[in-house]
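Residue 361 is where the sequence shown starts when you use our numbering, and the numbers rise one by one after that.
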Amino acid sequence: MHVSVVTLEPWAKSGNNEIQAYAAVRGVENQVLQLKITAQSMPFADNTFDAIISIGSFEMIGDERPLALSEMVRVAKPGARIGIAEPMCQPIPMPAELVELDNQFSLGFQACFKTLDWNCNLFAGQGLPITDSYYFDEAYQWWLNYRDLRRISEEEQQLITLDNGRWISPGLVVGEKKV
Numbered sequence: 361m362h363v364s365v366v367t368l369e370p371w372a373k374s375g376n377n378e379i380q381a382y383a384a385v386r387g388v389e390n391q392v393l394q395l396k397i398t399a400q401s402m403p404f405a406d407n408t409f410d411a412i413i414s415i416g417s418f419e420m421i422g423d424e425r426p427l428a429l430s431e432m433v434r435v436a437k438p439g440a441r442i443g444i445a446e447p448m449c450q451p452i453p454m455p456a457e458l459v460e461l462d463n464q465f466s467l468g469f470q471a472c473f474k475t476l477d478w479n480c481n482l483f484a485g486q487g488l489p490i491t492d493s494y495y496f497d498e499a500y501q502w503w504l505n506y507r508d509l510r511r512i513s514e515e516e517q518q519l520i521t522l523d524n525g526r527w528i529s530p531g532l533v534v535g536e537k538k539v
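And the structure:
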């Protein structure tokens, strides 16, 4: 089985090939291509890819998620799976102390994080029957591990700690493009 990966990295700084370097360490540099483009406007032909996966970035597209998903559907072959594994939120109001921290430091959690149902409805609205959807059971531990990497601001680290597994939760949604 041969797998080729095209990774969209719209936030990558010019000349930053971190993804390519990581692929080289793993011995798959000839199978991975990093492109500085957005999911909202992909320069690929219709029905190009066997699968589309977004991990940890779909939520950052914000209000343009419907446009990005329509592009993902467009470039996916009929029968292809289209999936997201992303930071999401539980279907409860954001706890008040998190709202305060989010507003004070303009973190964007309220604006970016949507529920699993919201994402499933987005997929269904694009004509994608849902094949799988769930919140990850080990979500809180993942958030703690991510926090402890210290690659995010101190305020984001504080929000994760204060949340204590109540509101933020990675989730997964997979749909299938109709044949």
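Ideal Cβ placement from N, Cα and C applies to all residues, glycine included.
Could you tell me the boundaries of the alpha helix (DSSP H) in which residue i lies?
| i | result |
| --- | --- |
| residue 520 | 514-523 |
| residue 470 | 469-472 |
| residue 478 | 476-485 |
Within the same chain, show all residues whose beta-carbon is closer than 8 Å to that of residue i, passing over the 5 residues directly before and after it, in chain order.
| i | result |
| --- | --- |
| residue 391 | 362, 363, 364, 365 and 383 |
| residue 472 | 419, 420, 422 and 447 |
| residue 493 | 476, 479, 480, 531, 532, 533 and 534 |
| residue 483 | 429, 442, 490, 533 and 535 |
| residue 539 | 438 and 439 |
| residue 510 | 517 |
Could you name the residues of the same chain whose beta carbon sits closer than 7 Å to that of residue i, not counting the 5 residues immediately before and after it, in chain order?
| i | result |
| --- | --- |
| residue 410 | 437 and 440 |
| residue 452 | 527 |
| residue 380 | 389, 392 and 394 |
| residue 424 | 400 |
| residue 370 | 396, 397 and 398 |
| residue 503 | 520 and 528 |
Excluding the five sequence neighbours on either side, which residues of its own chain have a C-beta within less than 6 Å of the C-beta of residue i, listed in chain order?
| i | result |
| --- | --- |
| residue 481 | none |
| residue 432 | 412 and 442 |
| residue 372 | 396 |
| residue 414 | 444 |
| residue 499 | 529 and 530 |
| residue 404 | 435 |
Does the separation of the CB atoms of residue i and residue j fall below 9 Å?
| i | j | result |
| --- | --- | --- |
| residue 374 | residue 396 | yes |
| residue 532 | residue 399 | no |
| residue 461 | residue 368 | no |
| residue 496 | residue 530 | yes |
| residue 470 | residue 426 | no |
| residue 515 | residue 458 | no |
| residue 406 | residue 386 | no |
How would you write the range of the beta strand (DSSP E) that residue i sits in, first residue to last?
| i | result |
| --- | --- |
| residue 536 | 528-536 |
| residue 368 | 365-368 |
Give the secondary structure of residue i by DSSP, where H, G and I count as helix, E and B as strand, and everything else as coil.
| i | result |
| --- | --- |
| residue 457 | helix |
| residue 497 | coil |
| residue 441 | strand |
| residue 490 | strand |
Is residue i close to chain D? Criterion is C-beta to C-beta, closer than 9 Å.
| i | result |
| --- | --- |
| residue 384 | The structure shown has no chain D; it contains just one protein chain. |
Practice item. Could I get the ranges of all uninterrupted beta strand (DSSP E) runs contained in the segment 384-438, with 3 residues as the minimum, in chain order? Key: Here the runs fully enclosed are 392-395 and 409-415.
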